[in-house]
Structures are given as C-alpha cells and as structure tokens.
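Under full-length UniProt numbering, the first residue of the sequence shown carries the number 1, and numbering increases by one thereafter.
C-beta: ideal position from N, C-alpha, C; glycine also.
This report refers to the structure that appears directly beneath it.
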Amino acid sequence: MSRYQSLAEEAVRELPAPPVFFGVFAFAVLSLLLYLVLRLGRD
C-alpha cells in the first residue's frame with residue numbers, strides 16, 4: 001500500500017500545470033457544454 005501511495009504523491013508533485021489551472025479549465029469546459037446544451041435546447 002505504501003508503494004502505491006508514494007507513486008501517487010510523486011504523480012501529484014509533477015503536475016504539468018498548477019492545480020488552479022485544472023479547476024479553471026474544467027469550469028470553462030463545463031460552462032461551454034452547458035451553454036451549448038441550453039442553446040440547442042431552445043430550438
């Protein structure tokens with residue numbers, strides 16, 4: 001178990017971008033999908 005935990009910690013440490021970037025990216029993608037769904041739903 002400790003081996004997998006250390007692997008997970010190393011993976012977290014080597015993110016290609018700050019965690020805030022992933023949050024903003026996810027928010028933007030979900031907002032775009034919601035916009036498209038609501039726009040297509042009006043027709």
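Inter-residue Cα distance where the pair is residue i and residue j
i, j, result
"Val24", "Leu38", "21 Å"
"Phe22", "Leu30", "12 Å"
"Glu14", "Ala28", "23 Å"
"Gln5", "Leu32", "35 Å"
Secondary structure of residue i, DSSP reduced to three states
i, result
"Ala17", "coil"
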